[in-house]
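Trainee: Position 314 of the sequence shown, counting from 1, maps to 323 under my numbering, and the rest follow consecutively.
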Amino acid sequence: MKNVYSARVCFAWVALLGLSNAAFSDSTEPYSSGYLGARIGYSHNDNSCLDTALVCDKDEAAYGVFAGYDFNRRLALELSVNDIGDSVAKYPGATMEGELREIDLALKVSYPLYQKTRIYGKLGAAYWDGEVTGGATKLDGSGVRPLIGGGIELPLSDRWTTRLEYQYIDQVGDSEMGRANANFVGLSLVWNFASRLRKTPEAVVAAPEPAPQVQPVQAAPEPVADQRIIVDEQVGGPLFDFDKSVIRNTAAIDPVVAQLIQHPSLVVSITGHTDARGATAYNQRLSETRAKVVAHYLQSKGIEANRITVHGMGEEQPVADNQTEEGRAKNRRVEFVISGAKTR
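1. Distance check for D113 and A134, CA to CA, integer angstroms please.
2. Pull up the distance between the alpha-carbon of V199 and that of D235, whole angstroms please.
3. How do the stretch 286 to 301 and the stretch 263 to 276 stand: do at least 3 beta-carbon pairs fall below 8 Å, yes or no?
4. Among the candidates G107, S309 and G160, whose CA atom is the shortest distance from the CA of K99?
5. Tell me which residue opens and which closes the alpha helix (DSSP H) that S254 is part of.
6. Excluding five sequence neighbours on each side, which residues of the same chain lie with their C-beta closer than 7 Å to the C-beta of D330?
7. L88 by DSSP, collapsed to three states: which one?
8. Out of curiosity, what's the CA-to-CA distance linking K147 and S89?
9. For E111, which option in A62, G73 and L163 has the closest C-alpha, if you only look at C-alpha atoms?
10. I'd like to check one pair, R299 with G321: are the Cβ atoms closer than 9 Å?
11. Taking a contact to mean a Cβ-Cβ separation below 9 Å, would you say G144 touches T104 in this structure?
12. On the DSSP bridge list, what partners appear for P101?
13. Using the Cβ count rule (16 or more neighbours within 10 Å means buried), how would you classify A115?
14. Note the first and the last residue of the continuous beta strand (DSSP E) segment covering N190.
15. Run through DSSP, which three-state label would S42 get?
16. Residue range of the beta strand (DSSP E) that R127 falls in?
17. Looking only at its own chain, which residues have a Cβ that is under 6 Å from the Cβ of N91, when we skip the five neighbours before and after it?
18. Taking C-beta to C-beta, are N54 and L109 nearer than 9 Å?
19. Can you have a look at N190 and say buried or exposed, based on whether 16 or more other CB atoms are within 10 angstroms of its CB?
Laid out in structure tokens, this is it:
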């Protein structure tokens, strides 16, 4: 059993180290929030009965509550209070009943798996308190033991998430009460104090890599008809990183900037679009956010705000099949409509 526990701890450390590299590399993500949650599930307490037991019931419903704080979207600290289940053992001379409760503090490291779904690992310490009663016997004790765990977290809305999780506490108990290995599997419901959707940044533009200088556009009469320019992932590479609203590639936008600078009477409408993966409401907000970020970029290049309008259409106007990766890449796009002469 000691070897099994050592393997679990080793695996947990390796997993957390791998996840933490991603967590700290994403530590500049502009998000922090507290959260509250409740869990219910099933506990299984290994080694809670002696070999002489006639009947050993070590499976029980378990429940708890927890609170935590997200330092960014991947790194959190979590405090939990849990009833980790009761055990009943019938011996030839008596029936013994055991109760266990614990309070734990753990570091939680998450990693995006698909869209807004995340896997996570936990490592911390649990303070346990328990008692064993039966016949004339009454024993109680408490102590601190290491805790490991992990699970998968899925979004229900911008503030609500649910988890499927596993937690393990090794050798809970003492020499008088006996020792058990506490296993928990269950579901949790989590409410976040702040929306988990990314908010519109104030002119947040990633420093672009050196790009070829934009060639001056030859002077020409200002167009009367609308001009539509579409920038998707197949034009100059991805404009944004996955699930983010920070501009990664400005080369495809700069020709629009050049035209607006050369023709100060023109106006532009910016519309953001997404593919159909993920929640519809989330995609709508993400498309609006990305359109606003592009507008901020144009303003940073000297285009007046009153010449720019922004819209977000989410996943509502696909131009290709969302069932293929190529189609989804075309649907993740920003459209510019440059209008004719503006009446001043």
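Glycine residues also receive a C-beta, built at the ideal position from the N, C-alpha and C atoms.
These numbers come from a predicted model, not from an experiment.
Mentor: The relevant details are as follows:
1. 6 Å
2. Approximately 48 Å between the Cα atoms of the pair.
3. no
4. G107
5. S254: not part of any alpha helix (DSSP H); DSSP gives it neither H nor E.
6. G336
7. strand
8. 27 Å
9. G73
10. yes
11. yes
12. P101 pairs with nothing; no bridge assigned.
13. buried
14. G187 to N201
15. strand
16. T126 to G143
17. G73 and E111
18. yes
19. buried
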